[in-house]
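Residue numbers (our numbering), protein chains in the order written: chain A, 5 to 292; chain B, 8 to 265.
This is the structure in structure tokens:
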């Protein structure tokens, strides 16, 4: 047991760094994922995560595999797609889902082409699936800074964001905070995707947001409980994913997301609000 | 004479330049209780949105001396799947006092509980929104209006799909607001209810058909005129005013003498 669950982290510094990075990321991405889900923006989050690719690729073209240029490029591209998709769906006949699909297909193709202009297949894999086992100080600092900013930002916009998520018409009648809160929220999502891209790659960064949130929804009813549980699931997935990747020599980023996926599927099947228990006829009822 | 609570001067409201409310002028007196009636698409909800400033006017002005105004949107705008309980929803009524950041304290909790008791939902505070019936949800929304404690209250179809006993309970709240001297404007479909409870009525069919004492406005003649509102949205209706550029002006209905 010790060898499987503890030893990798006591013996290898890169495993400790990976665990720290993934856990910090889990704490900040978990709550954002819950709001993406409740605001029916899961697909938007997916599109933004893909949109980071060409931006990061542009940074890679300029200065190779360095944290800062790829981060800045990815952030700029993510924000552009977030704003564009809102603009396209508001001002044209296209619904938001198709405009998002179009944007992210273009982004992925463009990003892969840009990287293969100069890089190797290894570089491409690095950008697509991350290298959680090779987080350097710069990357860890970036993840920590983003997580701190996210928690403070989320605390500041919490009340208008919640109100805008479930009664937007009422919020508009009492406050102008809805739109700015939405914008800050989108900015935080992109920031987290960019930070997650260092560890998990562009394709998987959104996984640590969405899968724990979706899984938590099957177990609890209250918003604070969903947020708390999704953070716990994200942390557990990060730890167990790293353990599995070490024990069986799996790619670490995908292993983390697969464990999160397993949590989702188990919750879907076994959660009190899932497909099995949710369908059981209630055997007892109260008198009122 | 006291100034009106809401003064409306030659207001046109609409979407994409097509008017939904056309050249409406008049005023709501402070403390008045007014029903807004008319066929579907006659601009009733649009008028409330215009008063709230949620929809820019295509022409004319809406003057509100005091911005102390509470608005009950149509229920379709509320996401009932959201993991919130009755208290979370009612609490939003404290927004004007507490804003984005101020804490919700013990006295606020008592006011929320008292408002829930007033609407007949004592002890429902922890219930999830997805477990409420249509009538219970509407009672919850009225509890939120109670907390808002506003001088002007706008209700958009508050009784649609609600059973009679709930309507009767909620109507008592509306009459209480009227007795307090608050200005209440309600979009309604049930003309019998309007005749029984509302002293003033505004009958809309895009054009204002009548605005005044309920009995006079709801005359058979007026109601017949309202029913014959042109339902068509005329894509090629000429612009109302040759000088007005399309971006700020609005269409005029073809064949309508002005």
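Think of the CB as a built atom: it goes at the ideal place given N, C-alpha and C, for glycine as much as any other residue.
Asked                                                                                                                                        : Found
Beta-carbon contacts of residue 146 of chain B that lie in its chain and below 8 Å, excluding the five residues immediately before and after : 126, 127, 128, 173, 176, 177
Three-state secondary structure (DSSP) of residue 42 of chain B                                                                              : strand
Three-pair Cβ contact test at 8 Å for the segment 238 to 246 of chain A versus the segment 179 to 191 of chain A                             : no
Test: residue 163 of chain A CB closer than 8 Å to a CB of chain C                                                                           : Among the chains of the structure shown, chain C does not appear; the protein chains present are A and B.
Continuous beta strand (DSSP E) stretch holding residue 102 of chain B: start and end                                                        : Not the beta strand (DSSP E): residue 102 of chain B falls in the alpha helix (DSSP H), residues 102 to 105.
Under the three-state DSSP convention, the category residue 218 of chain B falls into                                                        : strand
Neighbouring residues, chain B, relative to residue 230 of chain A (Cβ below 7 Å)                                                            : 90
Test: residue 7 of chain A CB closer than 8 Å to a CB of chain B                                                                             : no
Against chain A: residues of the segment 128 to 148 of chain B by CB proximity under 7 Å                                                     : 135
Partner residues on chain B for residue 46 of chain A, Cβ-Cβ distance less than 7 Å                                                          : Those do not exist, as residue 46 of chain A stays about 14 Å from chain B at its closest Cβ, beyond 7 Å.
Within 8 Å, strictly: CB atoms of residue 200 of chain A and residue 33 of chain A                                                           : yes
Inter-stretch contact at 8 Å, needing at least 3 Cβ pairs: the segment 150 to 168 of chain B / the segment 114 to 125 of chain B             : yes
Per DSSP, the bridge partner or partners of residue 35 of chain B                                                                            : B/13
Endpoints, the alpha helix (DSSP H) within which residue 50 of chain A is located                                                            : 46 to 67
According to DSSP, residues forming a beta bridge with residue 266 of chain A                                                                : DSSP, once it has assigned bridges, lists no residue as partnering residue 266 of chain A.
Neighbouring residues, chain A, relative to residue 153 of chain B (Cβ below 9 Å)                                                            : Those within 9 Å of residue 153 of chain B in chain A number zero; the least Cβ separation is about 14 Å.
C-beta contact flag for residue 49 of chain B and residue 207 of chain B at 8 Å                                                              : no
As assigned by DSSP and simplified to three states, the class of residue 312 of chain A                                                      : This structure leaves residue 312 of chain A out entirely; chain A is present only between 5 and 292.
Cβ-based burial, residue 250 of chain B [other Cβ within 10 Å; buried from 16]                                                               : Interpretation of residue 250 of chain B is limited by its pLDDT of 49, a score under 50 that renders its predicted location unreliable; no figure is taken from the coordinates.
Test item: CB-CB of residue 193 of chain A and residue 161 of chain A under 8 Å                                                              : no
Contact the segment 147 to 166 of chain A vs the segment 263 to 281 of chain A: 3+ CB pairs below 8 Å                                        : no
Residue 101 of chain A at chain B interface by Cβ criterion, 8 Å                                                                             : no
For residue 164 of chain A and residue 107 of chain B, believed in contact at Cβ under 8 Å, the rounded distance                             : 6 Å
Outcome for residue 10 of chain B when other beta-carbon atoms lying within 10 angstroms are tallied against a minimum of 16                 : exposed
Option nearest residue 74 of chain A by Cα separation, candidates A/263, A/266, A/203                                                        : A/203
Contact set for residue 219 of chain B: own chain, Cβ-Cβ below 8 Å, skip 5 residues either direction                                         : 207, 208
Inter-stretch contact (C-beta, 8 Å, three-pair minimum) for the segment 26 to 42 of chain A and the segment 206 to 214 of chain A            : yes
Beta carbon proximity, residue 172 of chain A to chain B, threshold 8 Å                                                                      : yes
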